[in-house]
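Colleague:
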Amino acid sequence: MQHAAVTAWQRESAVAARIGKAYPALSKAHRKAADYVLANVFRAATMTIDELADVVGISLATANRFAHALSFDGYPAFRAALVLDFASSLAPVEKLRDQVQRPASSAEIVAAALGADMQNLEATRRALAPQQCDQAVSMILNAERIFILGFGASAFLAGIMAHALEPYCRTVQSVAGPGGPSQAGRQFFKLDQRDLVIALAFPRYVTDTVTLTTRAKERAAQVLAFTDNPTSPLVPLADVTLYAQTERQLSPTSDAAALSLIQAVCDAVAHRANRSVHAASKMTEAVLPWLYHADGVNPSKMKNKSGRTATTTATIKSAAKAK
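The sequence shown runs 8 to 330 under the working numbering.
Quick look at the structure:
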């Protein structure tokens with residue numbers, strides 16, 4: 008066999024074991040198929056029999072006989088065994104394959120997607136645990152520093168969460184920056200029990216998120232997890248976990264449901280934070296020069312008789328009333 012490097016999949020997969028056992032007795036054409044599968048296992052798991060036959064350069068009948076040579080009932084059983092080795096990773100691909108075969112208009116797809124997100128939001132709302140919500144808000148408000156951890160699509164959610172929490176927290180930042188996971192690892196070296204790591208992970212889970220969350224626990228930092236269900240790899244690592252149902256038919260996860268839960272928690276933080284109105288007013292004053300005004304007049308540059316800008320006067324008045 009032309010594969011000296013033994014991968015973890017080759018060591019553990021039932022399909023790889025069958026190929027290894029049958030390889031000496033395989034025909035030349037069947038060995039071509041076996042070599043391709045071993046070298047491109049994930050891609051092979053997503054292929055129809057026509058696609059595998061075409062890329063290997065064999066007939067459909069030969070591809071089916073190859074599956075029989077490995078003691079499968081046929082190609083569908085062979086492919087099902089391959090998919091099983093990557094069940095969680097390939098689940099969205101298989102759902103997409105199933106959905107695109109069903110005729111539907113664009114309007115029907117849009118309506119179905121919105122309906123699915125409505126169901127996700129309702130399921131998320133029903134699953135809220137009051138004690139965990141209170142604990143999550145307390146952890147955020149009491150932390151000396153907050154690091155929001157998320158990669159892949161969750162990196163965008165992390166940025167939105169950092170933006171929403173900024174007026175009410177001492178130090179908050181998303182670690183999904185230009186340096187990537189290694190830079191986050193450097194930042195986590197300085198974590199201690201005064202810090203909070205908010206870890207975001209939804210299917211399909213990113214290994215770097217789990218690895219860095221483990222590092223945070225080793226440094227005695229508190230961990231607040233946002234994830235989809237109790238089998239998530241973040242759950243054993245978290246002090247508090249909040250769940251969002253994120254099921255979707257044509258993509259791996261619903262970012263809408265996850266984002267709604269994140270924004271809801273940020274609202275709860277704003278409601279409980281000390282002097283939250285004052286903080287919001289000061290933040291508004293800081294960004295006012297960059298905000299669009301329909302009449303073309305920027306209130307931040309208008310001065311009253313006292314020499315103060317209109318915004319400064321309004322901020323002082325609102326701050327006096329702030330809690």
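Virtual Cβ for every residue (Gly too), placed ideally from N, Cα, C.
1. Could you check the C-alpha separation between His37 and Lys28 for me, to the nearest Å?
2. Am I right that Ile56 and Ala70 are in contact with their C-beta atoms under 8 Å? What's the rounded C-beta distance?
3. Quick one: what does DSSP say Gln252 is sitting in, helix, strand or coil?
4. Can you give me the C-alpha to C-alpha distance between Asp274 and Ser145, rounded to a whole angstrom?
5. What does DSSP give as the partner residues of Thr234 in its beta bridges?
6. My assumption, with CB atoms under 8 Å, is that Asp202 sits in contact with Ala150. Please give the rounded CB distance.
7. Measure the Cβ-Cβ separation of Gln126 and Gln256 and say whether it is below 9 Å.
8. The beta strand (DSSP E) with Phe154 in it runs from where to where?
9. Hey, Gln180 and Phe154: beta-carbon distance below 9 Å or not?
10. Helix, strand or coil for Val179, going by three-state DSSP, please let me know.
11. Out of curiosity, what's the CA-to-CA distance linking Gly86 and Leu148?
12. Leaving out the 5 sequence neighbours to the left and right, which residues in its chain are closer than 6 Å to Phe233 when beta-carbon positions are compared?
13. Among Gln138, His170, Thr220, Thr291, which has the Cα closest to the Cα of Gly157?
14. Go to Leu257, then tell me how far its beta strand (DSSP E) extends in each direction, as first and last residue.
15. Would Val217 and Pro240 qualify as a contact pair, given that the criterion is a beta-carbon distance under 9 Å?
16. Please report how far the alpha carbon of Ser78 lies from the alpha carbon of Val62, in whole angstroms.
17. Just to confirm the assignment, what range does the beta strand (DSSP E) spanning Ala206 have?
18. May I have the straight-line CA-CA distance separating Leu164 from Ala171, to the nearest angstrom?
19. Given a threshold of 16 other Cβ atoms within 10 Å of its Cβ, counted over all protein chains shown, does Phe49 qualify as buried or as exposed?
20. Pick out whichever of Thr178, Gly166, Arg177 has its Cα sitting closest to the Cα of Pro185.
Modeller: Looking at the coordinates:
1. 13 Å
2. The beta carbons of Ile56 and Ala70 sit about 5 Å from each other, so the pair counts as a contact at 8 Å.
3. coil
4. 13 Å
5. Tyr250
6. 6 Å
7. Between Gln126 and Gln256, the C-beta spacing is not below 9 Å.
8. 152 to 156
9. yes
10. strand
11. With the sequence shown as reference, residue 86 is identified as Arg, and Gly is not the correct amino acid for it. Each residue's alpha carbon lies about 50 Å from the other.
12. Leu207, Leu249
13. With distances taken between CA atoms, Gly157 lies nearest to Thr220 out of Gln138, His170, Thr220, Thr291.
14. Element bounds for Leu257: n/a, residue is neither H nor E.
15. yes
16. Rounded to whole angstroms, the gap between the alpha carbons of Ser78 and Val62 is 22 Å.
17. 202 to 207
18. The alpha-carbon atoms of Leu164 and Ala171 are separated by roughly 11 Å.
19. Counting other Cβ atoms within 10 Å of its Cβ, Phe49 stays below 16 and is therefore classed as exposed.
20. Taking only the C-alpha atoms, the option nearest Pro185 is Gly166.
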